[in-house]
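Asks:
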Amino acid sequence: MSHQAPEQYTKDFVEGVLGSIDPGCKMEEVVIKGDGKIYKADYKYGKLMIECEPPGGRDRGRSQLLNYMKLTGYRFGLLIDIPTEKYYTEYPSPFTNPVGFELYMDDKPVYVRIFERGELDAARKELEVLLKVVTGLKIAAYDPTPDNVLARVRDLHSNHLDSLTQLVGGSPQRVALYKRIWERNLELIYGKEVVEFFADLDKLYATLTLYATFLKVLGATILEASLGRGRYTTPLRLANEGYKAAVELFWEGKALAKHNIYYLFERDEYDWVFDPEVAEKLDDFFRDLGKHIIEIDWSKPIELDLLKRVYQNIVSRDIRRQLGEFYTPDWIAKLALWRSLHILVNGSLPQDILKHEKDVDNEIVELIHMFWEKNKSIPRFIDPTCGSFTFGVQYLSALQRWYITKKPDVHPNKFVEMILENVVGIDINPVAVLTAKVNYLLQISGLLTVRGEYLVAEPMIPIYRVDLLALHDAHAQAKKAAPSLMTFLKVSVYKDYIYVNVPLDMFTQDKEKLEELAEELEDAGADVRIPRDNKGEDVPMATLKIPKSLVARLPGLTQLHRAFVALALFGKQGFNNELEKANVTLSPDETKDIEALEKTIKAFEKLGGDHVWLSLLTNYALAYLSTQKRFHLVLGNLPWVNVSKYEESYAEKVRSVAKRLGVNPPRAAALKLDISIVLFAVATKYLLEKGGVVSLMVPASIFRGVHGARWRNFEAMGLKLFEVFDLEDVKPFEGANNQPGIVFAAKVR
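If you count by the working numbering, then the sequence shown holds residues 3 to 751, one letter each, in order.
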């Protein structure tokens with residue numbers, strides 16, 4: 003039987019693909035002159051150089067393709083060794099191992115796909131889509147400026163919000179469950195009056211889901227760009243494969259698995275879009291999302307707190323005003339950091355109220371260095387209600403300037419570890435936590451050390467989703483579980499365990515089905531109890547618990563964080579593998595506890611809860627454990643909400659903590675109790691190191707109103723007041739006429 007040269011079968015495959023997408027294109031060899039030689043490349047198509055090799059011959063063609071790209075100035079090249087089916091029937095002794103194609107941008111592979119012989123039709127379809135995407139897009143063509151990013155987010159919002167909203171309204175099982183979690187959390191975050199304000203909660207939920215999805219894809223892309231020095235596999239796969247890639251990369255957690263990274267974001271109530279049953283209906287959304295993200299060159303420097311501006315533009319000003327979300331301007335965060343460091347290091351305020359920004363930046367670096375020279379450590383920092391992490395971003399930026407200019411004797415790997423152990427944020431709002439994590443990642447991505455294509459250490463971003471008020475009960479070792487993490491979860495730390503109780507009415511309101519569900523969970527090995535809720539009704543709850551003994555034997559929280567992520571992905575064996583890396587072995591009692599936790603999580607998975615419950619428990623545990631060691635700097639902008647706007651059981655909890663900490667208003671002003679008063683007291687009591695500095699934004703009304711009388715007794719809280727800024731006339735929050743102030747104080751006992 004006659005046959006062609008092996009390479010010709012690959013050319014036939016490529017010509018078939020090109021002919022199907024562009025029937026009029028010319029398919030001729032390309033003559034290239036350079037290095038005093040004349041070369042012939044197989045094809046060029048648009049801005050793409052194409053090099054065909056015989057099946058199994060891609061290895062020999064890589065250097066050749068890259069040389070052609072260099073000589074012609076082409077940024078993109080395609081290396082392929084996929085033949086037509088005729089190759090396998092005509093050619094004697096055909097190559098039978100997998101074949102594939104590799105897309106290069108500059109000199110790096112950005113998209114690699116491998117196929118078996120039986121997948122040639124799938125390979126043809128995928129290559130057709132890829133060529134359309136590559137030739138139709140301006141890949142990495144735009145700088146990551148706010149305007150460029152916002153234009154793409156707005157386009158997604160305009161074209162896909164309606165389809166997301168319709169899916170929410172249709173309420174598939176997963177969407178309905180995740181939305182119930184979101185709704186029950188909504189009152190705690192924003193207050194019941196705000197929830198009642200929104201006529202269309204489905205649309206708000208869809209809007210926040212769109213933003214959260216954008217952030218997750220962006221976070222994976224940024225880290226991948228850092229690891230691969232410019233790779234964009236994640237957005238390219240989304241643009242090329244749509245929902246199938248979204249499910250694999252984010253629902254199955256494989257976005258960065260090839261780099262040995264299995265963690266980026268824990269499961270949350272916005273992940274319903276990645277559910278295989280739902281994602282298929284959002285194929286166009288995922289393709290557009292990939293196309294928009296790949297147009298930005300994420301390897302270039304990114305503005306501080308870029309995502310704050312993105313969020314402020316995707317969620318309208320009216321909605322943010324009702325939600326009480328007014329993100330802190332960067333200049334206030336920098337001012338607070340500068341003055342707080344001055345108090346921490348020198349025991350006094352700087353002589354100037356304000357300075358030129360460059361002078362402030364330089365002085366911040368000097369203050370960090372003075373602290374380092376004395377303590378051989380960086381100041382421990384926490385923002386207790388971190389929002390987008392504006393204060394933390396300023397601190398992370400300052401730490402990097404210090405590291406570059408002062409060149410301390412610290413290996414880059416150790417410096418990253420130092421940051422991850424000592425720069426922390428917490429917030430109850432999942433959107434805020436997600437924004438803060440990506441902002442944190444943006445700041446440290448340039449510091450991550452890569453060996454080959456792998457990180458030396460996987461970054462576990464220490465931004466935890468937890469209510470600051472919950473830490474009061476945790477540190478006070480309260481016996482009674484408090485409705486503090488969320489309105490529907492009961493959390494506590496008592497004796498040897500950290501507990502989270504999940505009410506089973508999250509899954510069904512039918513009493514008969516509720517009993518069946520409780521029995522089913524018990525049969526699966528879950529610990530089910532029936533405490534009374536605040537209405538005196540019996541509500542079955544499944545208990546998740548973590549033994550505190552694990553922490554004492556681990557060198558840092560990063561290892562524990564990785565272990566819990568591994569538990570969700572790989573079960574008990576994955577948990578053990580992570581502990582073994584830190585030379586820690588579970589005791590028999592700890593083994594039983596982890597086995598029980600795994601059984602409960604698996605039982606929840608069957609009901610559609612997946613890893614969301616383990617994520618909530620892990621965040622609470624890590625926040626509690628992280629705050630066992632106090633902080634030198636407690637900086638941030640506290641929420642301002644009158645307690646009457648909360649659900650009653652939570653409002654009563656706030657009043658109880660205020661009384662216990664001695665900051666409750668006099669009887670005449672009891673109705674004016676603001677959550678900021680209580681959170682300030684909790685932060686200074688449980689987070690602040692002796693000698694440490696607190697700089698928190700609060701409503702200026704508590705400086706002079708009767709309701710702030712006991713709060714103003716700073717000596718009773720063990721604080722020395724240094725200064726108060728009244729910013730009422732400055733009006734720093736866009737579109738708001740509220741009356742903010744900043745308190746600067748140090749802990750003296």
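For glycine and all other residues, C-beta sits at the position ideal for the given N, C-alpha and C.
Within 8 Å, do at least three Cβ pairs link the region 416 to 434 to the region 463 to 473?
Replies: Touching, yes.
Asks: From Lys550, Ser703 and Lys583, pick the residue whose C-alpha is nearest to that of alanine 565; which is it?
Replies: On the sequence shown, residue 565 is found 563 positions in, with the first residue counted as 1. The candidate whose alpha carbon is nearest that of alanine 565 is Lys583.
Asks: Where does the unbroken alpha helix (DSSP H) through tyrosine 11 begin, and where does it stop?
Replies: Along the sequence shown, one-based indexing puts residue 11 at 9. Its alpha helix (DSSP H) spans residues 8 to 23.
Asks: Between proline 641 and the rest of its own chain, which residues show a CB-CB distance below 8 Å, the 5 nearest in sequence each way excluded?
Replies: Looking up residue 641 in the sequence shown gives position 639. Closer than 8 Å at the Cβ level, and outside the excluded window around proline 641, lie Gly326, Thr387, Ile677, Ser678 and Leu681.
Asks: Which word fits lysine 631, buried or exposed, when buried means at least 16 other C-beta atoms lie within 10 angstroms of its C-beta?
Replies: Counting from one through the sequence shown, the residue named residue 631 turns up at place 629. The residue is exposed, with fewer than 16 neighbouring Cβ atoms inside 10 Å.
Asks: So the alpha helix (DSSP H) alanine 672 belongs to, where does it begin and stop?
Replies: Within the sequence shown, numbered from 1, the residue matching residue 672 stands at position 670. Careful: alanine 672 lies outside any alpha helix (DSSP H) and carries neither H nor E.
Asks: What residue range is occupied by the uninterrupted alpha helix (DSSP H) comprising lysine 376?
Replies: Counting from one through the sequence shown, the residue named residue 376 turns up at place 374. That run of the alpha helix (DSSP H) goes 359 to 377.
Asks: Under a Cβ-count criterion, where at least 16 other Cβ atoms within 10 Å of its own Cβ denotes burial, should threonine 560 be classed as buried or exposed?
Replies: Counting from 1 along the sequence shown, the entry for residue 560 is found at position 558. Result: buried.
Asks: So, for glycine 292: in the same chain, excluding its five sequence neighbours on each side, which residues have a beta-carbon less than 6 Å away from its beta-carbon?
Replies: Within the sequence shown, numbered from 1, the residue matching residue 292 stands at position 290. Taken in chain order, the residues that qualify are Pro237, Leu240 and Ala241.
Asks: Compare the Cα-Cα distances from aspartate 202 to each of Asn187, Tyr180, Thr215 and Gln168 and report the closest residue.
Replies: Residue mapping note: residue 202 aligns to position 200 of the sequence shown, counting from 1. The residue with the shortest Cα to Cα distance from aspartate 202 is Gln168.
Asks: Classify aspartate 61 as helix, strand or coil using the three-state DSSP reduction.
Replies: To locate residue 61, count along the sequence shown from 1; it is residue 59. In this structure, aspartate 61 counts as helix in the three-state DSSP scheme.
Asks: Please report the residue range of the alpha helix (DSSP H) in which arginine 341 lies.
Replies: As a working note, residue 341 is residue 339 in the sequence shown. Its alpha helix (DSSP H) spans residues 332 to 348.
Asks: With a CB to CB cut of under 8 Å and the five nearest residues on each side skipped, what residues in its chain are close to alanine 400?
Replies: Here residue 400 refers to the residue found at position 398 when the sequence shown is read from its first residue. Within the same chain, alanine 400 has close Cβ partners Leu339, Asp363, Ile366, Val367 and Ile370.
Asks: Please return the same chain residues whose Cβ sits closer than 7 Å to the Cβ of proline 485, not counting the five positions on each side in sequence.
Replies: Here residue 485 refers to the residue found at position 483 of the sequence shown. Unreliable positioning characterises proline 485 in this predicted model, as indicated by a pLDDT of 39, which lies under 50. A coordinate reading is not provided.
Asks: Quick check on the DSSP output: what are the complete alpha helix (DSSP H) runs of length 4 or more inside the region 599 to 642, in order along the chain?
Replies: 614 to 628
Asks: Is the CB-CB distance between phenylalanine 383 and leucine 346 below 8 Å?
Replies: In the sequence shown, counting from the first residue as 1, residue 383 sits at position 381. In the sequence shown, counting from the first residue as 1, residue 346 sits at position 344. No, Cβ-Cβ distance for phenylalanine 383 and leucine 346 is not below 8 Å.
Asks: Does the region 615 to 628 come within contact of the region 563 to 582, defined as at least 3 CB pairs closer than 8 Å?
Replies: yes
Asks: May I have the straight-line CA-CA distance separating alanine 554 from histidine 634, to the nearest angstrom?
Replies: What you label residue 554 is simply residue 552 of the sequence shown in a count that begins at 1. What you label residue 634 is simply residue 632 of the sequence shown in a count that begins at 1. Distance between the alpha carbons of alanine 554 and histidine 634 is about 22 Å.
Asks: Going by Cα to Cα distance, which pick from Arg154, Asn161 and Ser379 is closest to glutamate 419?
Replies: For the purposes of this step, residue 419 is identified with residue 417 of the sequence shown, where counting begins at 1. Ranking Arg154, Asn161 and Ser379 by Cα distance to glutamate 419 puts Ser379 first.
Asks: Using beta-carbon positions only, say whether lysine 550 and aspartate 498 come within less than 8 Å of one another.
Replies: Within the sequence shown, the letter at position 548 stands for residue 550. Within the sequence shown, the letter at position 496 stands for residue 498. Yes, they are a contact pair.
Asks: Where does serine 95 sit, in a helix, a strand or coil, going by DSSP?
Replies: In the sequence shown, the residue the question calls residue 95 occupies position 93. Coil.
Asks: Using 8 Å as the threshold, is the region 51 to 65 in touch with the region 85 to 104, meaning 3 or more CB pairs across them?
Replies: yes
Asks: Cα separation between aspartate 164 and valine 155?
Replies: Position 162 of the sequence shown, counted from the start, is the residue given in the question as residue 164. Position 153 of the sequence shown, counted from the start, is the residue given in the question as residue 155. So the alpha carbons of these two residues sit roughly 15 Å apart.
Asks: Distance, Cα to Cα, histidine 5 vs valine 33?
Replies: The residue you call residue 5 lines up with position 3 of the sequence shown. The residue you call residue 33 lines up with position 31 of the sequence shown. Going from the Cα of histidine 5 to the Cα of valine 33 covers about 27 Å.
Asks: Alanine 702: which of Gly48, Lys283, Asn740 and Leu723 sits nearest, CA to CA?
Replies: Here residue 702 is taken as the residue at index 700 of the sequence shown, counted from 1. Ranking Gly48, Lys283, Asn740 and Leu723 by CA distance to the CA of alanine 702 puts Asn740 first.
Asks: Can methionine 543 and asparagine 503 be called in contact, C-beta distance under 8 Å?
Replies: Indexing the sequence shown from 1 puts residue 543 at position 541. Indexing the sequence shown from 1 puts residue 503 at position 501. Their beta carbons are under 8 Å apart, which means methionine 543 touches asparagine 503 by this criterion.
Asks: Please name the residue, chosen from Leu122, Glu185, Lys205 and Val684, that lies closest to histidine 159 on a Cα-to-Cα basis.
Replies: One-based indexing of the sequence shown puts residue 159 at position 157. Comparing Cα-Cα distances from histidine 159 to each of Leu122, Glu185, Lys205 and Val684, the minimum goes to Lys205.
Asks: According to DSSP, simplified to helix, strand and coil, what is threonine 560?
Replies: As a first step, residue 560 must be located in the sequence shown, where it is residue number 558. Three-state DSSP puts threonine 560 in a helix.
Asks: Going by Cα to Cα distance, which pick from Tyr313, Asn424 and Glu375 is closest to glycine 389?
Replies: The count along the sequence shown starts at 1 and reaches residue 389 at position 387. In terms of CA proximity to glycine 389, Tyr313 leads the group Tyr313, Asn424 and Glu375.
Asks: Are there 16 or more other CB atoms within 10 angstroms of the CB of glutamine 445, so buried, or fewer, so exposed?
Replies: Here residue 445 refers to the residue found at position 443 when the sequence shown is read from its first residue. Classification of glutamine 445: buried, given that the 10 Å Cβ count is 16 or more.
Asks: Give the DSSP bridge partners of aspartate 728, in chain order.
Replies: Within the sequence shown, residue 728 is the residue found at index 726, counting from 1. Answer is Gly743, bridged to aspartate 728.
Asks: To test your reading of the DSSP string, which unbroken alpha helix (DSSP H) runs of 4 or more residues are found completely within the region 267 to 308?
Replies: Complete alpha helix (DSSP H) runs here, min 4: 278 to 281 and 285 to 296.
Asks: Going by other Cβ atoms of all chains shown within 10 Å of its Cβ, with 16 needed for buried, is lysine 360 buried or exposed?
Replies: Start at 1 with the first residue of the sequence shown, and residue 360 comes out as number 358. Its Cβ having fewer than 16 others within 10 Å, lysine 360 is exposed.
Asks: Taking the alpha-carbon positions, what's the asparagine 69 to cysteine 54 distance?
Replies: Position 67 of the sequence shown holds residue 69. Position 52 of the sequence shown holds residue 54. If you take the alpha carbons of asparagine 69 and cysteine 54, they lie about 14 Å apart.
Asks: Mapping DSSP to helix, strand and coil, what is alanine 483?
Replies: Here residue 483 corresponds to residue number 481 of the sequence shown, with the count starting at 1. Only weak support is given to the placement of alanine 483: the predicted model assigns it a pLDDT of 42, under 50, and the question is left unresolved by the model.
Asks: Check whether the Cβ atoms of valine 726 and phenylalanine 705 lie closer than 8 Å to each other.
Replies: The residue labelled residue 726 in the question sits at position 724 within the sequence shown. The residue labelled residue 705 in the question sits at position 703 within the sequence shown. It is a contact, given that the beta carbons lie within the stated cut-off.
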